[in-house]
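Colleague: Following full-length UniProt numbering, the numbering of the sequence shown begins with 1 at its first residue and continues without gaps.
Backbone N, C-alpha and C define an ideal beta-carbon position, used for all residues, glycine too.
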Amino acid sequence: MTVQPIRLFGDPVLRTPADPVVDFDAELRKLIADLTDTMREQSGAGLAAPQLGVGLRVFTFDVDDVLGHLVNPVLEFPDEEEQDGPEGCLSIPGLYFDTKRRQNVIAKGFNGYGDPVQIVGTGLMARCVQHETDHLDGVLFVDRLDPAGRKAAMKAIRQAEWYDQAAPPTVKVSPHVAGNPFGLGR
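#1: Closer than 6 angstroms by C-beta to residue 20: which residues in its own chain qualify, once you throw out the five before and the five after it? Chain order, please.
#2: Under 8 angstroms between the Cβ atoms of residue 145 and residue 45?
#3: Do the segment 26 to 34 and the segment 9 to 16 meet, that is, are 3 or more Cβ pairs less than 8 angstroms apart?
#4: Could you check whether the segment 50 to 67 touches the segment 95 to 108, counting it as contact only if at least three pairs of C-beta atoms, one from each stretch, sit closer than 8 angstroms?
#5: Is the Cβ-Cβ distance between residue 85 and residue 95 less than 8 angstroms?
#6: Do you know how far the Cα of residue 151 is from the Cα of residue 61?
#7: Can you give me the C-alpha to C-alpha distance between residue 185 and residue 129, rounded to a whole angstrom?
#8: Secondary structure at residue 7, three-state DSSP: helix, strand or coil?
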């Protein structure tokens with residue numbers, strides 16, 4: 001178990017959809033341990049494998065004293081209720097912007113041994129699960145902002161001390177629009 005460097009905004013791995021996990025082996029469990037250690041070292045609520053440069057569909061979370069992970073998540077939304085509040089990202093350090101998310105989520109997937117897992121989340125847990133699943137789809141939370149919010153976020157990112165001017169940022173519109181099979185329209 002090792003704390004790993006976190007990839008920052010501008011790194012192409014953060015914009016690349018991750019591949020499903022097919023091998024539930026010791027290597028996957030080491031990745032989960034590394035994600036957990038890195039997330040906790042950075043005091044994060046969640047961390048997805050692409051943020052460590054690994055293109056696999058797995059993330060860890062630590063919300064409201066619930067520590068866990070989810071492999072190959074699929075999200076369901078039991079209702080249309082939304083929340084709007086500050087959201088940040090370990091790959092966009094120190095910056096927070098109000099972001100709309102669904103208030104309630106049911107996430108289904110697997111643990112590191114391939115056993116089925118279900119997370120029923122509301123509030124912060126729902127926000128975290130949606131945020132980390134977005135990472136697995138190559139989507140960053142700034143992609144979910146309205147045009148004015150995205151413009152403000154990009155300006156703040158370009159002014160951030162950690163931002164690398166040599167790697168021009170890309171911002172894309174979230175693929176989760178109204179009417180998609182996951183009902184993620186924001």
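Modeller: Looking at the coordinates:
#1: Counting from one through the sequence shown, the residue named residue 20 turns up at place 20. Closer than 6 angstroms at the Cβ level, and outside the excluded window around residue 20, lie 57, 72.
#2: Along the sequence shown, one-based indexing puts residue 145 at 145. Along the sequence shown, one-based indexing puts residue 45 at 45. No, the pair does not count as a contact, with Cβ atoms beyond the cut-off.
#3: no
#4: no
#5: The residue you call residue 85 lines up with position 85 of the sequence shown. The residue you call residue 95 lines up with position 95 of the sequence shown. The answer is no: Cβ separation not under 8 angstroms.
#6: As a first step, residue 61 must be located in the sequence shown, where it is residue number 61. As a first step, residue 151 must be located in the sequence shown, where it is residue number 151. About 29 angstroms.
#7: The sequence position of residue 185 within the sequence shown is 185, counting from 1. The sequence position of residue 129 within the sequence shown is 129, counting from 1. Note that residue 185 has pLDDT 32, beneath the 50 cutoff, so the model's placement of it is unreliable and the number below is only indicative. For residue 185 and residue 129, the distance between alpha carbons rounds to 16 angstroms.
#8: Position 7 of the sequence shown, counted from the start, is the residue given in the question as residue 7. Residue state, collapsed to three classes: coil.
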